[in-house]
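Participant: For the sequence shown, this note's numbering assigns the number 137 to the initial residue and increments by one for each residue that follows. Positions of the beta carbon are idealized from the N, C-alpha and C atoms, including for glycine. This structure is a prediction, so every number in the text was calculated from the model and none was measured. Please find one structure pasted underneath; my questions will follow.
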Amino acid sequence: MPRKTRVRRSATADRLLHKIQSRKAQLGVVGLGYVGLPLAVELGLAGFEVTGFDINEKRVAELQHGKSYIQDVPTADVRKLVRSGKLTATTDFSKLRKMDAINVAVPTPLSKMRDPDVSYIVAAFEHVARYLRAGQLVILESTTYPGTTDELILPMLSKTGLKVGQDFFLAFSPERVDPGNPKFNTRNIPKVVGGVTPTCTEVGVELYRQRLETVVPVSSPSVAEMVKLLENTFRSVNIGLVNELALMCDRLKVDVWEVIDAAATKPFGFMPFYPGPGLGGHCIPIDPFYLSWKARASGFEARFIELAGHVNGHMPEHVVERVSENLNLRRKAVRGAKVLVIGVAYKADIDDLRESPSLDIMETLRKKGAKIDYTDPFVPKFEFAGRTIKSVPLTPASLKRYDCAVIATAHKQFPYSAILRYSKGVVDTRNALKGKVSKKITRL
Ligand SMILES: NC(=O)c1ccc[n+]([C@@H]2O[C@H](COP(=O)([O-])OP(=O)(O)OC[C@H]3O[C@@H](n4cnc5c(N)ncnc54)[C@H](O)[C@@H]3O)[C@@H](O)[C@H]2O)c1
């Protein structure tokens with residue numbers, strides 16, 4: 137076994153640790169979205185002075201006025217922090233130079249070819265590199281492929297001539313926030329941190345320890361990057377498996393929901409996943425492809441990821457087939473049918489539309505000639521097929537107007553009994569009508 141050599145911490149690292157422990161460190165958060173804003177607020181509540189950086193002027197202006205635009209972040213917290221001077225927001229990236237620690241949480245989408253699009257990370261780190269100075273801790277939180285921190289970011293920051301682990305400190309820490317989750321939030325979800333050097337890890341851990349309940353150090357940024365991709369690939373593959381089972385059960389005339397509920401009574405070795413209209417959000421439909429892309433670049437084919445992507449990607453089309461079957465019961469064609477999509481957010485009780493399968497369902501039905509409306513209390517309006525469409529009120533009279541209603545997102549506040557009572561037919565993709573027996577219902 138090679139003997140571990142202990143590297144002496146630089147005086148710069150000691151000073152930074154002291155600033156963090158005494159809450160005197162100036163903290164910057166770059167990218168103030170679903171991930172960045174809750175983090176900025178938590179760090180502000182811990183007593184740090186936090187500056188949020190974003191290219192979106194509207195978001196920055198709202199924060200400057202003490203207003204939250206993220207559902208899970210209470211405006212009362214933002215207002216309190218802004219008023220006490222603990223939270224400010226800016227589009228002026230030259231202020232990065234004043235920061236002692238900088239967390240970056242910018243988007244990591246896929247390109248049109250479904251390859252990683254790291255252009256937001258690169259743009260953000262061009263700013264960070266321009267204003268980098270000795271004594272700064274920099275942490276990337278955006279989900280990305282293993283190797284991003286070491287192979288992409290470190291060279292950008294090292295060009296300044298500053299030495300990592302001595303002059304500045306660099307780490308990756310995946311974000312696991314689950315919007316809309318009433319139990320787990322930024323503060324009580326354990327935070328994994330992997331630094332480029334042991335000192336980088338130590339300083340990163342110390343920062344999060346000031347506010348988060350559990351911090352889990354790992355040996356490198358690549359391990360930390362891979363942790364997030366394992367978690368999200370695990371979900372994508374298991375959802376893919378259960379979606380395939382749902383299609384299989386349909387052929388076998390077995391109720392897949394009943395099967396899952398009964399299987400879930402096993403107290404060990406089984407974890408329930410549920411079928412649905414397809415994947416949504418900024419994580420599960422996207423992140424696994426960051427991993428398969430990286431694997432492909434090393435000559436490795438990530439077959440589970442591709443297969444799960446294929447099965448999950450087919451689900452919206454399957455829902456459209458179900459709509460067609462449901463309409464068929466009343467001798468209606470899809471063309472010309474009035475269809476109401478109930479729920480457009482990608483999951484229950486949140487307002488996020490990104491990658492929502494409801495949009496694919498609506499688009500496919502529209503192309504087949506159906507007349508589409510939607511209802512969603514969390515999404516009053518959005519751009520669809522080149523125009524702004526508005527959520528229709530969910531009333532007995534409005535429900536009666538449609539040939540078919542599709543429950544695509546099971547928001548808790550929907551009146552499911554009324555939906556069933558007043559609709560001519562219902563396609564239930566979420567088992568929201570569990571226990572109800574009616575010829576009107578077509579289940580997934
Ligand atoms: N949303 C989630 O539930 C979730 C959960 C875990 C991890 N993540 C990951 O966290 C990262 C951020 O996701 P998000 O959901 O917070 O995205 P978001 O779109 O909600 O927020 C990103 C913010 O970054 C800003 N931005 C873009 N380019 C910038 C730049 N160059 N400089 C400064 N700001 C810039 C945008 O204006 C936006 O306000 C992604 O990698 C995502 O995969 C998201």
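Is DSSP giving Ala438 helix, strand or coil here?
Facilitator: Within the sequence shown, numbered from 1, the residue matching residue 438 stands at position 302. DSSP places Ala438 in coil when its eight states are reduced to three.
Participant: Does the region 171-183 come close enough to the region 451-467 to have 3 or more Cβ pairs within less than 8 Å?
Facilitator: With the cut-off at 8 Å, the region 171-183 and the region 451-467 do not touch.
Participant: With a 10 Å radius around its C-beta and 16 neighbouring C-beta atoms as the bar for buried, classify Lys222 as buried or exposed.
Facilitator: Reading the sequence shown from its first residue, position 86 is the one you call residue 222. It is buried - the Cβ of Lys222 has at least 16 other Cβ atoms within 10 Å.
Participant: Compare the Cα-Cα distances from Ser294 to each of Gly316, Ala484 and Ala270 and report the closest residue.
Facilitator: Position 158 of the sequence shown, counted from the start, is the residue given in the question as residue 294. Nearest option by C-alpha distance: Ala270.
Participant: In terms of residue numbering, what span does the beta strand (DSSP E) encompassing Val562 cover?
Facilitator: Numbered from its first residue, the sequence shown carries residue 562 at position 426. Val562 to Asp564 is the extent of the beta strand (DSSP E) around Val562.
Participant: Is any non-hydrogen atom of ligand 1 found closer than 7 Å to the C-beta of Cys385, if you look at the structure I gave you?
Facilitator: The residue labelled residue 385 in the question sits at position 249 within the sequence shown. Not so, every heavy atom of ligand 1 lies at least 7 Å from the Cβ.
Participant: Once DSSP output is grouped into helix, strand and coil, what is the label at Thr337?
Facilitator: Counting from 1 along the sequence shown, the entry for residue 337 is found at position 201. In the structure shown, Thr337 sits in a helix (DSSP, three-state: H, G or I).
Participant: Would the region 242-256 and the region 276-292 be scored as touching if the rule is three or more Cβ pairs under 8 Å?
Facilitator: Output reads yes: the region 276-292 touches the region 242-256.
Participant: Tell me whether Ser278 counts as near ligand 1, meaning its Cβ is closer than 7 Å to at least one heavy atom of that ligand.
Facilitator: Here residue 278 is taken as the residue at index 142 of the sequence shown, counted from 1. Because some heavy atom of ligand 1 lies under 7 Å away, the Cβ of Ser278 counts as near it: yes.
Participant: Can you give the beta carbon distance from Pro310 to Val351, rounded, assuming they're within the 8 Å contact cut?
Facilitator: Position 174 of the sequence shown holds residue 310. Position 215 of the sequence shown holds residue 351. In fact, because the Cβ distance is near 12 Å, the residues do not count as touching under 8 Å.
Participant: How about His418: is its Cβ closer than 7 Å to a heavy atom in ligand 1?
Facilitator: Within the sequence shown, the letter at position 282 stands for residue 418. For ligand 1, at least one heavy atom lies less than 7 Å from the Cβ of His418.
Participant: Can you tell me the Cα-Cα spacing of Pro452 and Glu185, whole angstroms?
Facilitator: Along the sequence shown, read from residue 1 onward, the residue named residue 452 stands at position 316. Along the sequence shown, read from residue 1 onward, the residue named residue 185 stands at position 49. Their Cα atoms are separated by approximately 45 Å.
Participant: Would Gly188 and Val165 be called neighbours here (beta carbons separated by less than 8 Å)?
Facilitator: Your numbering for residue 188 matches position 52 in the sequence shown. Your numbering for residue 165 matches position 29 in the sequence shown. Closer than 8 Å, so yes.
Participant: If I measure Cβ to Cβ from Asp496 and keep anything under 7 Å in the same chain, skipping five residues before and after, which residues do I get?
Facilitator: The residue labelled residue 496 in the question sits at position 360 within the sequence shown. Only Gly414 and Pro452 meet the Cβ criterion.
Participant: Val313: beta carbon under 7 Å from a heavy atom of ligand 1?
Facilitator: In the sequence shown, counting from the first residue as 1, residue 313 sits at position 177. Flag set: Cβ of Val313 near ligand 1.
Participant: Answer yes or no: do Gly331 and Pro291 have a C-beta to C-beta separation smaller than 8 Å?
Facilitator: Here the question's residue 331 lines up with position 195 in the sequence shown. Here the question's residue 291 lines up with position 155 in the sequence shown. No, these two residues do not count as a Cβ contact at 8 Å.
Participant: Mapping DSSP to helix, strand and coil, what is Thr244?
Facilitator: As a working note, residue 244 is residue 108 in the sequence shown. The answer is coil: DSSP assigns Thr244 none of H, G, I, E or B.
Participant: Return yes when the Cβ of Ser372 is within less than 8 Å of the Cβ of Ile325, no when it is not.
Facilitator: As a first step, residue 325 must be located in the sequence shown, where it is residue number 189. As a first step, residue 372 must be located in the sequence shown, where it is residue number 236. Not closer than 8 Å, so no.
Participant: Let me know the secondary structure DSSP gives Lys155 once reduced to three states.
Facilitator: Reading the sequence shown from its first residue, position 19 is the one you call residue 155. Reduced to three states, the DSSP call for Lys155 is helix.
Participant: Less than 7 Å between the CB of Leu168 and some heavy atom of ligand 1, yes or no?
Facilitator: Reading the sequence shown from its first residue, position 32 is the one you call residue 168. For ligand 1, at least one heavy atom lies less than 7 Å from the Cβ of Leu168.
Participant: If Ala506 and Arg471 are in contact, beta carbons under 8 Å, what's the gap, nearest whole angstrom?
Facilitator: The residue labelled residue 506 in the question sits at position 370 within the sequence shown. The residue labelled residue 471 in the question sits at position 335 within the sequence shown. Right, their Cβ atoms sit about 7 Å apart.
Participant: Could you pull the start and end residues of the alpha helix (DSSP H) that Phe425 belongs to?
Facilitator: Start at 1 with the first residue of the sequence shown, and residue 425 comes out as number 289. Start and end: Asp423 to Ala433.
Participant: Do Phe308 and Thr285 have their C-beta atoms closer together than 8 Å?
Facilitator: Reading the sequence shown from its first residue, position 172 is the one you call residue 308. Reading the sequence shown from its first residue, position 149 is the one you call residue 285. For Phe308 and Thr285, yes; Cβs fall inside 8 Å.
Participant: Leaving out five residues on either side along the sequence, give the residues of the same chain with a beta carbon under 6 Å from the beta carbon of Ala225.
Facilitator: Taking the first residue of the sequence shown as position 1, residue 225 is located at position 89. Once the five neighbours on either side are set aside, the close Cβ partners of Ala225 are Gly188, Val196, Leu199 and Gln200.
Participant: Do Pro424 and Thr369 have their beta-carbon atoms positioned less than 8 Å apart in this structure?
Facilitator: Translated into the one-based positions of the sequence shown, residue 369 becomes position 233. Translated into the one-based positions of the sequence shown, residue 424 becomes position 288. Yes, these two residues count as a Cβ contact at 8 Å.
Participant: Cβ-heavy atom distance between Gly283 and ligand 1 below 7 Å?
Facilitator: Working through the sequence shown from its first residue, we reach residue 283 at position 147. Gly283 Cβ: outside cutoff for every heavy atom of ligand 1.
Participant: Assuming the contact rule is C-beta atoms closer than 8 Å, Gly571 and Ser492 should be a hit. Round their C-beta distance to whole Å, please.
Facilitator: In the sequence shown, the residue the question calls residue 571 occupies position 435. In the sequence shown, the residue the question calls residue 492 occupies position 356. That pair is no contact at about 26 Å.
Participant: Grouping DSSP H, G and I as helix and E and B as strand, with all else coil, what is Glu185?
Facilitator: For the purposes of this step, residue 185 is identified with residue 49 of the sequence shown, where counting begins at 1. If DSSP states are grouped into helix, strand and coil, Glu185 belongs with the strands.
Participant: Give the straight-line distance between the Cα atoms of Asp391 and Gln162, rounded to the nearest whole angstrom.
Facilitator: Reading the sequence shown from its first residue, position 255 is the one you call residue 391. Reading the sequence shown from its first residue, position 26 is the one you call residue 162. Roughly 56 Å between the two C-alpha positions.
Participant: Under 7 Å from any heavy atom of ligand 1, does the C-beta of Val186 make it?
Facilitator: Here residue 186 refers to the residue found at position 50 of the sequence shown. Because no heavy atom of ligand 1 lies under 7 Å away, the Cβ of Val186 does not count as near it: no.
Participant: Quick one: Cα of Gln346 to Cα of Ala546, how far?
Facilitator: Locating residue 346 in the sequence shown gives position 210, where the first residue counts as 1. Locating residue 546 in the sequence shown gives position 410, where the first residue counts as 1. Approximately 37 Å, taken between the alpha carbons.
Participant: By a C-beta neighbour count over all protein chains shown, 10 Å radius and 16 as the cutoff for buried, is Ser220 buried or exposed?
Facilitator: By 1-based counting over the sequence shown, the position of residue 220 is 84. Ser220 is exposed by the Cβ-count criterion.
Participant: For Ala541 versus Tyr552, is the C-beta distance shorter than 8 Å?
Facilitator: Numbered from 1 along the sequence shown, position 405 holds the residue referred to as residue 541. Numbered from 1 along the sequence shown, position 416 holds the residue referred to as residue 552. Their beta carbons are not under 8 Å apart, which means Ala541 does not touch Tyr552 by this criterion.
Participant: Looking only at its own chain, which residues have a Cβ that is under 6 Å from the Cβ of Leu580, when we skip the five neighbours before and after it?
Facilitator: Translated into positions along the sequence shown, residue 580 becomes position 444. Here the set comprises Ala382, Pro411 and Thr565.
Participant: Once DSSP output is grouped into helix, strand and coil, what is the label at Ile325?
Facilitator: Locating residue 325 in the sequence shown gives position 189, where the first residue counts as 1. If DSSP states are grouped into helix, strand and coil, Ile325 belongs with coil.
Participant: Using a Cβ-Cβ cut-off of 7 Å (strictly less than) and excluding sequence neighbours within five positions of Gly183, which residues of its own chain qualify?
Facilitator: The sequence position of residue 183 within the sequence shown is 47, counting from 1. Contacts found: Arg159.
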